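Numbering (my numbering), first residue to last: 10 to 142.
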């Protein structure tokens, strides 16, 4: 599991790793986020941020699913470069995500850190949503 210099192979490794990780927690990732052809897709962006692919799943408080899905997924995709996980049969957003770390890492430490960052961002979003809507 060294550095993958071939961009196409690295992109495919990210795609396969993200799908496998999502499936292991009972979900999938929306196909449009995993487009190999779309140079603006989250897949393409993440594949060009890492050299060695380590997919990691994480969760957030299920209570936060009360917030608009667009808010939750925008924070995950645009701010954190996480892949939102959805229910395989309904397409409904689950309280889970997949992130891709670069290289060999302590998965539990990285997961905890990513969950903490998302928790803080969602706390801000919930505050503004609750007070402005």
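Glycine is no exception: its CB is placed at the ideal position from the N, C-alpha and C atoms. The structure displayed is predicted, hence computed values, not measured ones.
Subject >> Start-to-end residues for the beta strand (DSSP E) that takes in residue 117 >> reply: In the DSSP assignment, residue 117 falls outside any beta strand (DSSP E) and lies within the alpha helix (DSSP H) extending over 116 to 141.
**OP:** Given a cut-off of 7 angstroms, decide if residue 99 and residue 65 are closer than it, judged by their beta-carbon atoms.
**Re:** no
**OP:** With residue 24 as the anchor, note down where its alpha helix (DSSP H) starts and where it stops.
**Re:** It spans 16 to 33 - the alpha helix (DSSP H) in which residue 24 sits, taken as one unbroken run.
Original post:
Is residue 84 helix, strand or coil when you go by DSSP?
Top reply: Helix.
Original post:
Would residue 106 pass as a contact of residue 42 if the rule is Cβ separation under 7 angstroms?
Top reply: Contact: no.
**OP:** Starting from the C-beta of residue 120, find all residues in its chain whose C-beta is less than 6 angstroms away, skip the five residues before and the five after it, and write them out in chain order.
**Re:** 65 and 67
Original post:
In whole angstroms, what separates the C-alpha of residue 69 from that of residue 32?
Top reply: 17 angstroms
Original post:
Using 8 angstroms as the Cβ pair cut-off and three pairs as the minimum, do the region 130 to 141 and the region 82 to 91 touch?
Top reply: yes
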